[in-house]
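Quick note on the working numbering: the sequence shown kicks off at 27 and runs consecutively.
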Amino acid sequence: MSRQEIDAEQRYVTRLYRRLDELRKEEADRLAQALSQSGTGHQALLERDVTAARCRERITRLDAAENGLCFGRLDMADGGRRYVGRLGMLDEDADREPLLIDWRAPAARPFYTATGISPQGVRRRRHIRTGGRTVTGVQDELLAPDAADGATGELTGEAALLAALDADRTGRMADIVETIQAEQDRVVRAPRAGVLVVQGGPGTGKTAVALHRAAYLLYTHRERLERSVVLLVGPNPLFLRYVGEVLPSLGETSVLPATVAELYPGVTADGAEPPGAAEVKGRAVMAEVVAAAVRDRQEVPDGGLEVVHDGGTVRLERDACRWARDRARATGLPHNPARPLFVRLVTDLLARRIAEQVTASVLDGLPAEETGGPAKEPVVLFDEDDVEDIRRELREDPGVRAAIDELWPPLTPQRLLTDLYASPGRLASAAPGLTPAERALLLRDPGSPWTPADVPLLDEAAELLGEDDRAARAAAEAEHRRRVALAQEALDISYGSRSTDADCEEEAEVLSAHDLLDARRLAERQREADHRTPAERAAADRTWAFGHVVVDEAQELSAMDWRLLMRRCPSRSMTLVGDIAQTGSPAGASSWQEVLEPYVGDRWRLERLEVNYRTPAEIAEVAAGVPAAFGVPCDPPRAVRSTGTRPWRTRVAPGDLPAALAALAAEEAAAVGEGRLGVIVPAGRLEELGRAVAEAVPGAETGGDARLESPVVVLDPARAKGLEFDSVLVVEPERIAADTPRGPNDLYVALTRATRRLGVVHTGGLPAVLAGLRPRRRDGRAGGRRDGRADTGAGR
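What follows is the structure in structure tokens.
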């Protein structure tokens, strides 16, 4: 492209940045003005804070547009011209004509979807590359029917796309707003309502698509979704750190990123447990187990209830206890809200039983003629007021309260599960459908930390237990009455101190607080406002209903995870992205129908991403054979780029693996320069091999604590899911494939994380599908015979 064209675009881009700076200043001035308001009272402070929050949010969006503000231009067949960028801007000096069109606006869509066959009114599409505020290059695609045979190939902006793919990884995912492809755009702009499933193999960009869809939905449904928040669910904290800069770079902050383990406020679920235990906890049957555990805590003792009160023993038969329990259950309320009725019924039965016992005792000591008979009224020693006095005494008796609590205790979800896990008897009663071995996996000491698989069970328990909030409501009402009383005192003082001087009678009337407000409204103005953002409030509220839920690596979620998420999104407005062939969790999905049928039947939509943009063809060809070799159903995506670098393998002695791997990691780190190296090892050897690599490559990170700031990261397959690296070393692939029932899927994941280079390191045999990899030569390159057959000699 000529220098003249680049200079012309530079002038326009400079104009856009000038306008961006003006908008920033305008918002900064509005913010300063809002903060300078000196009004008092709740309403004035609330209005000030709302205005300030809106200004800050707008400033955030403007700041996010700084890098790559404008990246495209559409020259229309009718002579019009549209510049496309990260946000929309109008020209205040030209009747508010668009200077720049937001990439999410309908007018910008042809930038991603127009082709020579279907130009959509576009004559030319121009990709504008910038560094900072400087235009560094442009690339044109002619789409007019009479230009270059009217076709431009399958990829939109191929040069820009390949340049982005070939760039060094940074340890953080970047947005793809400049290079969204047509099949991806279709998913990004799909309607919000209902459940959309995006099935895509490795390298299809499904994670980026999910994030850009969240940004698009916030643009098109901003008022609704900013209030209700978009929930972004990732498979682990490492993944969320990896994608954490994408939405902020698009100017969107009304998103709550979280793992399922983080969706129960107040509980830190970072404990570890055997995979078998996590798999059992993830089964749908655990919902019935938790429900049974709750019912078991609503006991009816075989011998009835016996309490000691006022020096005597009072007993209720089993049938009476069952009657009280059944009456409380019949309300349909959760366990804790139903408990007060049970307590009231049992207390009443006990009080009447005491009255009966005392009456019988008294009558036994009286002559027969004084106890009444057929012609006389029965002797009544206790009226309803007397019985109420007994009830009050029973309610205040610690022993009686403790006895009733044994029958229907107040429970938290934490206490319910702690007691369940600690007792073989409780487990046997609540989970008769589990085998003894499966129940044994659930047993643990009461002090054990919570694990991620516990969180859906805690959430299930919270739904069944509910919360008896009578005390909290009473306290809130008392506090409200106190504020109203204080407000009334203030108004009375205001009224009493009004001027009554005769000289003031002719002055203009001056309104005071007592003229405008009553005590209740004044008290309301003094209530402390909640200044948290909607996302912050959502994070702290277990019952929050999200406006839309995006789930990445959705195939990894268990049946119990899905129950939790469906409660968080009653509207069923969801975007689920994943790949069934990459399911690694034993509790994960085998099909999307299996996941969704219990909640939406067949009322969900499926979109497929079929182009692998990330993985070079040389690596994709090797990886694609893994699912087929292990009998895993899979339709691998089609790779569209090649690097010319063949994957390699090298064999080392078992005892030499840590040292050999460390040396290989150091060599590969040097080979990728400013890029990133991922070393993917069996989970059982993560700590050992991570330590060895860190000794050879200072600063190398390992496992779930990795910040992705080092050029070298050592991970197991589960934590590598969703990430990408310039180069990848896969260690002991045979063990990875054999470690878990879905080990072949883990191996498929490990082999598809690389964007440039792939090496396989092993000590024993290789899965047959990898046996054809060329041995690594001593100079670090893949070797092999000239006839193309694998060299099986020295050097492995």
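Glycine residues also receive a C-beta, built at the ideal position from the N, C-alpha and C atoms.
query: Quick one: measure Cβ to Cβ for V148 and I154, integer angstroms, because I've assumed they're closer than 8 Å.; result: Actually they are not in contact, since the Cβ atoms of V148 and I154 sit about 15 Å apart, beyond 8 Å.
query: Can you tell me whether E35 is buried or exposed, with buried defined as 16 or more other CB within 10 angstroms of its CB?; result: buried
query: Quick one: complete alpha helix (DSSP H) runs, 4+ long, within the segment 438 to 494?; result: 439 to 448, 450 to 456, 462 to 468, 480 to 491
query: Please list, in chain order, all residues of the same chain as A173 whose beta carbon is under 7 Å from its beta carbon, the five residues on each side excluded.; result: With a pLDDT of only 45 at A173, under 50, the local geometry of the prediction cannot be trusted, and no value is derived from it.
query: Could you round the C-beta distance between A216 and E633 to whole angstroms and report it? I think they count as a contact, below 8 Å.; result: 7 Å
query: So, is V259 buried or exposed, given that buried needs 16 or more other C-beta atoms within 10 angstroms?; result: buried
query: Let me make sure I understand the geometry here. Which of R321, E271, V320, V223 has the alpha-carbon closest to that of E623?; result: V223
query: Rounding to the nearest angstrom, what Cα-Cα distance links G710 and R768 in this structure?; result: 15 Å
query: If contacts are defined as beta-carbon pairs under 8 Å, then R598 and V221 qualify, I think. What distance do you get, rounded to the angstrom?; result: 6 Å
query: If we ignore side chains and look at the alpha-carbon of each, how far apart do D411 and R417 end up?; result: 10 Å
query: Ends of the beta strand (DSSP E) at Q165?; result: 160 to 168
query: Can you tell me which residues form a DSSP beta bridge with W674?; result: G785, R800
query: Just the C-alpha distance for T178 and G106, rounded to the nearest angstrom, thanks.; result: Note on T178: pLDDT 40, under 50, position unreliable in the model; the coordinate value appears next. Those two C-alpha atoms are separated by around 21 Å.
query: At the level of alpha carbons, what is the spacing between G330 and A346?; result: 8 Å
query: DSSP has D752 in a bridge; who is on the other side?; result: D752 is not bridged to any residue.
query: Taking L443 as the reference, give the member of V334, P560, A319, A649 with the closest Cα.; result: A319
query: Contact check, R108 vs A133 under 8 Å by CB: the rounded distance?; result: 6 Å
query: What distance in whole Å lies between the Cβ atoms of A377 and V413, which are believed to be in contact at a cut-off of 8 Å?; result: 5 Å
query: Please confirm whether V316 and A140 have their CB atoms less than 7 Å apart.; result: no
query: Do you know whose CA, among E325, R341, G337, lies nearest R351's CA?; result: E325
query: Mind checking who Y109 pairs with in its DSSP beta bridge?; result: R99
query: Give every residue of the same chain whose Cβ lies closer than 7 Å to the Cβ of T669, excluding the five residues on either side of it in the sequence, and list them in chain order.; result: P642, E644, R782
query: Just the Cα atoms here: how many angstroms apart are E83 and R558?; result: 13 Å
query: Just the C-alpha distance for S611 and E278, rounded to the nearest angstrom, thanks.; result: 31 Å
query: In chain order, what residues of the same chain have a beta carbon less than 7 Å from the beta carbon of P737, not counting five sequence neighbours either side?; result: A695, R702, L703
query: What residue range does the alpha helix (DSSP H) around Q608 cover?; result: No alpha helix (DSSP H) contains Q608, which DSSP labels as neither H nor E.
query: Considering G226, what are the terminal residues of the alpha helix (DSSP H) in which it resides?; result: Not the alpha helix (DSSP H): G226 falls in the beta strand (DSSP E), residues 221 to 226.
query: Less than 7 Å separating the beta-carbons of A304 and W476?; result: no
query: Between the Cα of P770 and those of G114, M115, A744, spot the shortest distance and give me the residue it belongs to.; result: A744
query: Going by the beta-carbon positions, is the gap between E118 and C81 smaller than 7 Å?; result: no
query: Please state if the CB of L784 and the CB of V24 are separated by a distance shorter than 7 Å.; result: The structure shown does not extend to residue 24, since the chain is modelled only from 27 through 822, so no value can be given for it.
query: Pair every Cβ in the segment 246 to 263 with every Cβ in the segment 282 to 294, then say whether three or more of these pairs are closer than 8 Å.; result: yes
query: With C-beta atoms as the reference, is L276 less than 7 Å away from D201?; result: yes
query: Can you check which of these residues, G338, T339, E493, R135, is closest to V213 by C-alpha distance?; result: R135
query: Are the beta-carbon atoms of G227 and D605 separated by less than 7 Å?; result: yes
query: Just to confirm, are G614 and T233 a CB contact at a threshold of 7 Å?; result: no
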